[in-house]
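*Asks:* Numbering (our numbering), first residue to last: 43 to 316.
1) For the region 198 to 249, list the alpha helix (DSSP H) runs that are entirely contained and at least 4 residues long, ordered along the chain.
2) In the DSSP output, which residue or residues are listed as bridge partners for residue 280?
3) Look at residue 56 and residue 85 and say whether their C-beta atoms are less than 8 Å apart.
4) Going by beta carbon distance, what residues of the same chain come within less than 7 Å of residue 204, once the five residues before and after it are set aside?
5) Give the DSSP bridge partners of residue 193, in chain order.
6) Would you kindly work out how many angstroms separate the C-alpha atoms of residue 240 and residue 196, rounded to a whole number?
7) Along the chain, where does the alpha helix (DSSP H) containing residue 128 start, and where does it finish?
8) CA-CA distance, residue 293 and residue 219?
9) Kindly provide the ranges of any alpha helix (DSSP H) runs that are 4 or more residues long and lie completely inside the region 147 to 186, ordered along the chain.
10) Candidates 274, 245, 244, 288: which alpha carbon is nearest residue 263's?
11) By the three-class DSSP mapping on this structure, what secondary structure does residue 62 have?
12) In this structure, how does DSSP classify residue 93 when only helix, strand and coil are distinguished?
13) Go ahead and pull the three-state DSSP assignment for residue 302.
14) If you draw a straight line from the alpha carbon of residue 51 to that of residue 215, how long is it in whole angstroms?
15) Relative to the C-alpha of residue 69, which candidate in 93, 82, 80, 100 has its C-alpha closest?
Right, dumping it as structure tokens:
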């Protein structure tokens, strides 16, 4: 084993975490998975049982100490609870629950901590495409950023907006607009579904200026994200039809693949894309 191989600690052993661990275990990423943590001991044990090279199950503090890079794939609450500790320990942090950064003050504290401790924060593109183009466009002036998300009712169950408004998702028989507002409002309404809108806001003109529409469609067999950006550069549109994760229909398979691709980008010498 290489002496300088990157050591990974992972917080959150759900569907996405399991995919990331499997990729490292199968050597798709030039890194070593040294530790995992999840509030559910059962999830941890189930994950370890699927791996050839078993990491340790450690407390968050011990995990942070052992790792070079900590991956959060648990929840926005986990970002708030552990993120600063990672950065203040001088360790790099990958955040998959980017919805936590709808709180711009939190993001500013994270950036300040990363700068002070000479470490990095990575936010993968997630279940969307077009982030590279948006980052490039944001060097000049951007007039408009909008993301339209369409999901099957199964993928929206339990969202706070659905529960609060007593919406019967089984009552829809055709594609219907459920929500329209800023990314700030969207992440509060659909915290498990719209992390990508916050990522767009960070890459572009901010979450307050990023518009979001959410449709429910009982005929949808994929999670669909349509992004449109207009500015000094011109205009681009991007549509992604994602296969839902087999283990969690609220998220997309591409979200896990995006995290794995980001890990590969960190570990490998060749960098492609903005």
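A virtual CB, placed ideally from N, CA and C, is assigned to each residue, including glycine.
*Replies:* If we stick to the structure as given:
1) 202 to 206, 225 to 231, 237 to 245
2) 269
3) yes
4) 198, 211
5) 258
6) 22 Å
7) 118 to 130
8) 19 Å
9) 173 to 179
10) 288
11) helix
12) coil
13) helix
14) 44 Å
15) 93
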